[in-house]
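For reference, the structure is listed below as structure tokens.
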Amino acid sequence: MDKYRCGRCWKTFDDDKLKVLPGVRCPYCGYNIIYMIRKPTIKVIKAI
1 MDKYRCGRCW
11 KTFDDDKLKV
21 LPGVRCPYCG
31 YNIIYMIRKP
41 TIKVIKAI
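Residues in the sequence shown are numbered from 1 upward in steps of one, following full-length UniProt numbering.
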């Protein structure tokens with residue numbers, strides 16, 4: 001389950017709320033620019 005954040009009101013929501021409105025819009029304010037929140041990952045890089 002992916003998380004998204006609105007570009008205007010900065011509220012976070014899940015896939016379920018994203019499918020409520022037609023198109024890709026924030027379910028709270030209706031803004032059409034949303035960002036997918038990445039899961040925190042850790043990269044281990046070997047130093048030479």
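For glycine and all other residues, C-beta sits at the position ideal for the given N, C-alpha and C.
A quick note: this is a predicted structure, and the numbers were derived from the prediction, not measured.
Using the DSSP secondary-structure output, state which residues sit across from residue i in a beta bridge.
i: residue 36; result: 4
i: residue 15; result: Beta-bridge pairing links residue 15 to no other residue.
With respect to the alpha helix (DSSP H) encompassing residue i, which residues constitute its N-terminal and C-terminal limits?
i: residue 46; result: From DSSP, residue 46 is part of no alpha helix (DSSP H); its letter is neither H nor E.
Give me the Cβ distance between residue i and residue j, rounded to the nearest whole Å; I'm assuming they're in contact under 8 Å.
i: residue 12; j: residue 19; result: Actually they do not touch by this definition, with Cβ atoms about 16 Å apart.
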